[in-house]
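Participant: Sharing a structure here in structure tokens format.
In the working numbering, the protein residues as written are 64 to 396.
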């Protein structure tokens with residue numbers, strides 16, 4: 064089947080989508096309210112440029128998938144418009160920045176009988192995928208405790224003259240910087256029962272939320288742990304790590320993007336035979352998570368063809384939103 068794609072939102076992440084789309088289908092059109100950005104991406108990939116979603120939907124009648132790459136706070140609105148028009152949706156992370164919007168997206172997909180896919184690319188990082196298999200086969204036994212540590216850098220220039228740093232369009236540091244790793248935590252350990260802790264804008268950045276947080280977490284399974292996160296690391300990203308202490312073993316995944324096995328006892332993952340991971344998304348003045356959009360798109364095509372697929376759906380992705388929402392509602396800034 065020849066799949067036709069459109070990209071809504073032509074910011075930096077849109078380039079990653081375009082690169083994968085042309086390998087697996089046809090990029091028909093792109094859309095952005097910023098005319099120069101839309102024109103640039105359209106010209107580069109021989110697509111048609113639109114400047115409103117409404118005009119795109121009115122003129123393009125055979126779209127298989129719309130990739131939503133707009134600011135976080137617009138994901139729900141733009142996804143629902145496309146779903147209501149009978150188009151499958153791939154939405155960038157986070158799926159949304161409040162649970163009610165996510166539920167509305169899932170309902171819109173159900174009513175339209177269309178797919179709602181969410182980019183949760185860190186699930187495809189080799190060491191994370193391997194640890195998921197260990198957990199699924201009870202290789203760790205009962206999990207007692209964990210520590211998730213996220214230490215990245217986002218300079219003031221990152222937030223300048225941008226939707227980033229605003230509550231309405233960004234939502235918060237956990238949504239924009241670390242939602243991939245929140246997703247990994249929940250994917251491996253299950254749902255959350257309770258949270259407590261502290262949040263602060265330690266650097267006094269010109270943003271509407273915290274740049275630093277320390278959170279105590281209790282899972283429904285009974286496991287307890289901590290989440291520490293900051294975008295104040297000196298000059299560059301340093302670490303995203305997850306340590307798990309369990310009945311049958313102890314393991315730590317780490318590196319800048321949770322892309323390495325730091326230690327394990329006993330051997331739970333065959334490190335020597337792990338596939339080489341992709342490089343991180345590099346945006347010039349800063350870097351993001353691992354660039355696994357190739358695997359996201361490969362799994363989307365499988366799902367569209369009715370084959371077994373590891374792509375993340377709306378319900379699974381919404382769990383990380385509910386967790387972040389719980390932190391933001393219960394821990395004042």
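Glycine included, C-beta positions come from ideal geometry on N, C-alpha and C. Being a predicted model, the structure only gives us computed values, none of them experimental.
(1) Tell me the rounded alpha-carbon separation between residue 69 and residue 393.
(2) Starting from the N-terminal side, write out each stretch of the beta strand (DSSP E) that is 3 residues or longer and does not extend beyond the stretch 143–168.
(3) Thinking C-beta only, is residue 390 closer than 7 Å to residue 258?
(4) Return the bridge partner residues of residue 70 from the DSSP annotation.
(5) Short check: CB of residue 117 to CB of residue 132, under 7 Å?
(6) Contact defined as beta carbons within less than 8 Å: I believe residue 114 pairs with residue 98. What is the distance between those atoms, to the nearest angstrom?
(7) Figure out for me which residue from 195, 239 and 199 has the closest Cα to the Cα of residue 215.
(8) Just how far apart, CA to CA, sit residue 302 and residue 333?
(9) Apart from the five residues on each side of it in sequence, which residues of its chain come closer than 6 Å, Cβ to Cβ, to residue 357?
(10) Using CA atoms only, rank isn't needed, just tell me which of 187, 224 and 367 is closest to residue 322.
(11) Just reading off the beta strand (DSSP E) that residue 302 is part of, what are its end residues?
(12) Which one of 185, 284 and 256 has the shortest CA to CA distance from residue 242?
(13) Using DSSP bridges, identify the partner residues of residue 376.
(14) Hey, quick one: how far does the alpha helix (DSSP H) through residue 75 stretch, first residue to last?
(15) Determine which residues share a DSSP beta bridge with residue 327 and list them.
(16) I need the boundaries of the alpha helix (DSSP H) containing residue 224, first residue and last residue.
(17) Tell me the residue span of the alpha helix (DSSP H) that contains residue 356.
(18) Is residue 269 helix, strand or coil by DSSP?
(19) What do you reckon, are the CB atoms on residue 135 and residue 233 nearer than 7 Å?
(20) Quick one: Cα of residue 7 to Cα of residue 191, how far?
(21) Just to confirm, are residue 385 and residue 96 a CB contact at a threshold of 7 Å?
(22) Alpha carbon to alpha carbon, how far is residue 127 from residue 157? Give it in angstroms, no decimals.
(23) Among 183, 255, 146 and 129, whose alpha-carbon lies nearest the alpha-carbon of residue 170?
(24) By Cβ distance, which residues of its chain are closer than 7 Å to residue 125, with the 5 residues on each side in sequence left out?
(25) If I measure Cβ to Cβ from residue 314 and keep anything under 6 Å in the same chain, skipping five residues before and after, which residues do I get?
(26) For residue 260, list the residues DSSP reports as bridge partners.
(27) Looking only at its chain, what residues have a beta carbon closer than 6 Å to the beta carbon of residue 205, apart from the 5 residues adjacent to it on each side?
(28) Return the residue from the list 270, 368 and 325 that minimises the CA-CA distance to residue 220.
(29) If you draw a straight line from the alpha carbon of residue 81 to that of residue 251, how long is it in whole angstroms?
(30) Which two residues bound the contiguous beta strand (DSSP E) that contains residue 112?
(31) Using DSSP with H/G/I as helix, E/B as strand and the rest coil, what is residue 108?
(32) Output needed for residue 388: all residues of its chain with C-beta closer than 7 Å, excluding positions within five of it in sequence on either side, in chain order.
(33) Out of curiosity, what's the CA-to-CA distance linking residue 224 and residue 140?
(34) State the Cα-Cα distance for the pair residue 287 and residue 79, rounded to the nearest angstrom.
(35) From residue 218 to residue 164, what distance separates their C-alpha atoms?
Facilitator: Looking at the atomic coordinates:
(1) 38 Å
(2) 151–154
(3) yes
(4) 93 and 130
(5) no
(6) 6 Å
(7) 239
(8) 22 Å
(9) 83
(10) 187
(11) 302–309
(12) 185
(13) 180
(14) 75–87
(15) 314
(16) Taken as a continuous stretch (DSSP letters only), residue 224 belongs to no alpha helix (DSSP H), as it is neither H nor E.
(17) 356–367
(18) coil
(19) yes
(20) As displayed, the chain neither begins before 64 nor continues past 396, which places residue 7 out of reach and without an answer.
(21) no
(22) 22 Å
(23) 146
(24) 67
(25) 307, 327 and 331
(26) 278
(27) 310
(28) 270
(29) 30 Å
(30) 111–113
(31) coil
(32) 161 and 162
(33) 23 Å
(34) 36 Å
(35) 30 Å
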